[in-house]
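Report on the structure given below.
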Amino acid sequence: MKKMYFLLMVALSSLFLLTPIHAAEPVKVGMILPYSGVYAGLGKEITRAFELGLEVFGDEVNGRKIVLVQEDTEGKPNSGLSKTKKLIFSDKVDVLVGPVSSGVLAAMRDTVHNSKTPFVIANAGHDGISGAKCSPWIVRTSFSNRQVVRPMGKWMYDNGYRKVYLMAPDYAAGHQMMDHFKAGFKEAGGTIIGEEYPPLQGTKDFGPYLAKVKEAKPDALFVFFAGGPAIQFVKSFGAFGLGNTIPLAGAGWLTSPLYIKAQGEGANNIIGSANYIPSIDNAANKAYQDAFKAKHKREGSEFAVQGYDSARVIVEALKAVNGDTSDKKAFMDAIRAVTFDGPRGKMRFDSKNGNIIQNIYVYKNSKTNGVIAPSVFDVIKDVQDPSDSCTM
Ligand code: PHB
Numbered sequence: 322m323k324k325m326y327f328l329l330m331v332a333l334s335s336l337f338l339l340t341p342i343h344a345a346e347p348v349k350v351g352m353i354l355p356y357s358g359v360y361a362g363l364g365k366e367i368t369r370a371f372e373l374g375l376e377v378f379g380d381e382v383n384g385r386k387i388v389l390v391q392e393d394t395e396g397k398p399n400s401g402l403s404k405t406k407k408l409i410f411s412d413k414v415d416v417l418v419g420p421v422s423s424g425v426l427a428a429m430r431d432t433v434h435n436s437k438t439p440f441v442i443a444n445a446g447h448d449g450i451s452g453a454k455c456s457p458w459i460v461r462t463s464f465s466n467r468q469v470v471r472p473m474g475k476w477m478y479d480n481g482y483r484k485v486y487l488m489a490p491d492y493a494a495g496h497q498m499m500d501h502f503k504a505g506f507k508e509a510g511g512t513i514i515g516e517e518y519p520p521l522q523g524t525k526d527f528g529p530y531l532a533k534v535k536e537a538k539p540d541a542l543f544v545f546f547a548g549g550p551a552i553q554f555v556k557s558f559g560a561f562g563l564g565n566t567i568p569l570a571g572a573g574w575l576t577s578p579l580y581i582k583a584q585g586e587g588a589n590n591i592i593g594s595a596n597y598i599p600s601i602d603n604a605a606n607k608a609y610q611d612a613f614k615a616k617h618k619r620e621g622s623e624f625a626v627q628g629y630d631s632a633r634v635i636v637e638a639l640k641a642v643n644g645d646t647s648d649k650k651a652f653m654d655a656i657r658a659v660t661f662d663g664p665r666g667k668m669r670f671d672s673k674n675g676n677i678i679q680n681i682y683v684y685k686n687s688k689t690n691g692v693i694a695p696s697v698f699d700v701i702k703d704v705q706d707p708s709d710s711c712t713m
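Printed below as a string of structure tokens:
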């Protein structure tokens with residue numbers, strides 16, 4: 322009897338050993354994004370496009386299904402950090418994707434770094450992450466704030482604007498974007514004649530801020546707003562009648578394809594710089610836009626591209642390690658090494674700091690057949706985050 326029991330145990334344990342332990346275990350992707358609050362639309366757009374990316378590039382690698390665990394940051398640093406801890410320590414995700422806000426990113430960074438969790442940033446542009454706060458565990462498929470905004474100061478001076486007023490939400494991204502604009506604009510010879518920083522959450526009325534701008538009579542107003550605040554701001558700008566008197570320029574996102582329709586006439590004639598424009602002419606962008614339109618009946622935005630590319634980065638890296646994420650460093654090295662022809666051209670990470678290298682587009686919105694859309698009139702090629710303070 323004892324012998325039989327022993328043989329049975331041997332048979333069972335060898336069966337267990339023969340079964341690859343990871344075969345049936347899913348790869349868990351922690352989506353750490355705003356699903357409520359002022360950036361909820363952006364978080365949902367990134368998630369939609371990430372799911373589309375898995376449909377297109379494959380949601381299973383070597384028998385392991387890729388599954389999402391979604392957590393709502395609410396766009397707030399505190400919630401972002403507690404949800405990050407839950408995803409890492411309780412759900413034990415293999416990789417994190419998100420967040421939208423630079424404030425949330427700054428709050429998450431040390432926990433991600435210290436726990437050695439592979440992290441693909443799909444939006445937030447906090448400059449520190451490509452600089453002094455860079456990490457071997459972090460790459461970014463989106464942008465750094467200075468990468469997108471830096472060219473605009475010089476560009477606006479070169480195009481005749483001399484006195485500019487600034488406005489942005491009062492948090493890390495708002496201040497970083499304005500600081501980069503200021504640096505380039507002043508260096509070129511321009512003057513900043515006023516700055517306003519309304520609260521990110523809960524600014525219901527831009528009227529008092531716009532009244533000050535009107536009185537100052539700048540050559541142009543340069544702003545950073547995204548998501549809910551961008552819709553509201555552009556509508557107020559239009560309603561205030563400033564559209565005919567003060568040129569409005571902004572950092573990308575101000576009139577994203579995600580919400581330009583909701584902004585109405587105020588979106589016309591706006592000048593901006595962006596890391597993606599739906600009309601980019603290459604095969605991968607056409608395939609992406611066709612797939613997005615087939616599923617969602619509208620154009621995919623810059624936020625969606627970042628989600629779609631993040632999915633592809635993860636799928637390609639998983640393929641490179643045969644679906645085995647147990648060696649976290651090998652998986653992260655594979656993520657950093659991914660390169661492909663994507664909707665924004667050749668996708669690759671800067672080996673210096675993990676930030677994507679990409680073109681930046683300067684555009685102006687105009688109306689054709691009743692539809693307001695951006696036309697590109699300058700492309701700055703292969704822009705890298707300029708920081709040299711990242712040491713890894
Ligand atoms: C940011 O907080 O870094 C941020 C948020 C929304 C954007 C761009 C940057 O559209």
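Sequential numbering from 322 applies to the sequence shown in this note's numbering. All C-beta atoms in this analysis are idealised placements derived from N, C-alpha and C, irrespective of residue type, glycine included.
* Going along the chain, which unbroken runs of the alpha helix (DSSP H) with 4 or more residues stay wholly within the segment 354–428? -> 361–378 and 398–406
* Asked: Leaving out five residues before and five after residue 583 in sequence, what residues of the same chain have Cβ atoms less than 7 Å from its Cβ?
  -> Start at 1 with the first residue of the sequence shown, and residue 583 comes out as number 262. Taken in chain order, the residues that qualify are 552.
* Start and end residues, alpha helix (DSSP H) containing residue 506 -> Position 185 of the sequence shown, counting from 1, holds the residue named residue 506. Here the alpha helix (DSSP H) through residue 506 covers 493–509.
* Take the Cβ of residue 405 as the centre, count every other Cβ of all protein chains shown within 10 Å, and call the residue buried at 16 or more, exposed below. => Taking the sequence shown and counting its residues from 1, the one referred to as residue 405 is at position 84. Buried: at least 16 other Cβ atoms inside 10 Å.
* Apart from the five residues on each side of it in sequence, which residues of its chain come closer than 7 Å, Cβ to Cβ, to residue 342? -> In the sequence shown, counting from the first residue as 1, residue 342 sits at position 21. A caution first: residue 342 carries a pLDDT of 48, below 50, which makes its placement in the model too unreliable to give a value.
* State yes or no: is the C-beta of residue 446 nearer than 7 Å to some heavy atom of ligand 1? => Here residue 446 refers to the residue found at position 125 of the sequence shown. For ligand 1, at least one heavy atom lies less than 7 Å from the Cβ of residue 446.
* Asked: So what does residue 594 bridge to, in DSSP terms?
  -> In the sequence shown, the residue the question calls residue 594 occupies position 273. The partner list for residue 594 (beta bridge, DSSP) reads 572 and 683.
* **residue 649 - DSSP class collapsed to helix/strand/coil** => As a first step, residue 649 must be located in the sequence shown, where it is residue number 328. Of the three classes helix, strand and coil, the one that applies to residue 649 here is helix, per DSSP.
* Asked: With a CB to CB cut of under 7 Å and the five nearest residues on each side skipped, what residues in its chain are close to residue 643?
  -> As a first step, residue 643 is located in the sequence shown; it is residue number 322 there, counting from the start. Counting only Cβ-Cβ distances below 7 Å, and skipping sequence neighbours, we find 383.
* **Classification of residue 532 by the beta-carbon crowding that lies within 10 angstroms, buried from 16 upward** => As a first step, residue 532 must be located in the sequence shown, where it is residue number 211. Under this definition residue 532 is an exposed residue.
* Asked: What did DSSP end up calling residue 345 once you bin it into helix, strand or coil?
  -> For this step, residue 345 is matched to residue 24 along the sequence shown. Three-state result, residue 345: coil.
* Asked: Is residue 494 near ligand 1, with its Cβ less than 7 Å from a heavy atom?
  -> Indexing the sequence shown from 1 puts residue 494 at position 173. Correct: residue 494 has its Cβ closer than 7 Å to ligand 1.
* Asked: Say the cut is 7 Å; is the CB of residue 360 nearer than that to a heavy atom of ligand 1?
  -> For the purposes of this step, residue 360 is identified with residue 39 of the sequence shown, where counting begins at 1. Correct: residue 360 has its Cβ closer than 7 Å to ligand 1.
* Asked: Under a three-way DSSP split, which group does residue 514 fall into?
  -> Residue numbering aside, residue 514 sits at position 193 when the sequence shown is read from its first letter. Strand.
* Asked: Buried or exposed: where does residue 713 fall if 16 or more other Cβ atoms within 10 Å of its Cβ makes it buried?
  -> The residue given as residue 713 occupies position 392 in the sequence shown. By the 10 Å Cβ count, residue 713 comes out exposed.
* **DSSP beta-bridge partners of residue 689** => For this step, residue 689 is matched to residue 368 along the sequence shown. Looking at the DSSP assignment, residue 689 forms a beta bridge with 692.
* Asked: In terms of alpha-carbon separation, which member of 503, 370 and 669 lies closest to residue 389?
  -> Counting from one through the sequence shown, the residue named residue 389 turns up at place 68. Measuring from the Cα of residue 389, the nearest candidate turns out to be 370.
* Asked: Across which residues does DSSP place residue 663 in a beta bridge pair?
  -> Against the sequence shown, residue 663 aligns to sequence position 342. Answer by DSSP bridge pairing, in chain order: 666.
* Asked: Among the residues of its own chain, which have a CB less than 8 Å from the CB of residue 539, if the five just before and after it don't count?
  -> Within the sequence shown, residue 539 is the residue found at index 218, counting from 1. Result list for residue 539: 484, 485, 486, 514, 515 and 567, in chain order.
* To do: Could you give the DSSP three-state label for residue 580: helix, strand or coil?
  => Here the question's residue 580 lines up with position 259 in the sequence shown. If DSSP states are grouped into helix, strand and coil, residue 580 belongs with coil.
* Asked: Under a three-way DSSP split, which group does residue 713 fall into?
  -> Within the sequence shown, the letter at position 392 stands for residue 713. Coil at residue 713, not helix or strand.
* Asked: Ends of the alpha helix (DSSP H) at residue 486?
  -> Counting from 1 along the sequence shown, the entry for residue 486 is found at position 165. Segment 484–488 is the beta strand (DSSP E) holding residue 486; no alpha helix (DSSP H) there.
* Asked: Looking only at C-alpha atoms, which of 407, 397 and 417 sits nearest to residue 628?
  -> For the purposes of this step, residue 628 is taken as the residue at position 307 of the sequence shown. With distances taken between Cα atoms, residue 628 lies closest to 417.
* Asked: Alpha carbon to alpha carbon, what distance is there between residue 654 and residue 548?
  -> Working through the sequence shown from its first residue, we reach residue 548 at position 227. Working through the sequence shown from its first residue, we reach residue 654 at position 333. Those two C-alpha atoms are separated by around 33 Å.
* Asked: Near residue 465, which residues of its chain fall below 6 Å by C-beta distance, leaving aside the five closest residues on each side in sequence?
  -> Along the sequence shown, read from residue 1 onward, the residue named residue 465 stands at position 144. Closer than 6 Å at Cβ, skipping near neighbours: 446, 448, 451, 676 and 706.
* Should residue 619 be labelled buried (16 or more other beta-carbon atoms within 10 Å of its own) or exposed? -> On the sequence shown, position 298 is the one that residue 619 refers to. When all chains shown are included, residue 619 counts as exposed.
* Asked: Using CA coordinates, which residue listed in 659, 434, 411 and 501 is at the minimum distance from residue 470?
  -> Translated into the one-based positions of the sequence shown, residue 470 becomes position 149. Nearest C-alpha to residue 470: 501.
* To do: Could you have a look at residue 718 and say whether DSSP puts it in helix, strand or coil?
  => The requested residue 718 is not part of the displayed model; the chain covers only 322 to 713.
* Asked: From residue 541 to residue 617, what does the alpha carbon distance come to, in whole angstroms?
  -> As a position in the sequence shown, residue 541 is number 220, starting the count at 1. As a position in the sequence shown, residue 617 is number 296, starting the count at 1. Taking the straight line joining both Cα atoms gives about 36 Å.
* Asked: Hey, is residue 363 close to ligand 1, as in C-beta under 7 Å from one of its heavy atoms?
  -> For the purposes of this step, residue 363 is taken as the residue at position 42 of the sequence shown. Checking the Cβ of residue 363 against ligand 1 gives yes.
* Asked: For residue 547, is the beta carbon positioned less than 7 Å from some heavy atom of ligand 1?
  -> As a working note, residue 547 is residue 226 in the sequence shown. Correct: residue 547 has its Cβ closer than 7 Å to ligand 1.
* **For residue 676, the three-state DSSP class (helix, strand or coil)** => Taking the sequence shown and counting its residues from 1, the one referred to as residue 676 is at position 355. DSSP places residue 676 in strand when its eight states are reduced to three.
* Own chain, CB closer than 8 Å to residue 581, minus 5 neighbours either side, in chain order -> The residue labelled residue 581 in the question sits at position 260 within the sequence shown. Result list for residue 581: 588, 686, 693 and 694, in chain order.
* To do: Could you round the C-beta distance between residue 593 and residue 684 to whole angstroms and report it? I think they count as a contact, below 8 Å.
  => Along the sequence shown, one-based indexing puts residue 593 at 272. Along the sequence shown, one-based indexing puts residue 684 at 363. Rounded, the Cβ-Cβ distance is 6 Å, consistent with contact.
* Asked: Taking DSSP as the reference, what is the three-state secondary structure of residue 704?
  -> Taking the first residue of the sequence shown as 1, we reach residue 704 at position 383. Strand at residue 704.
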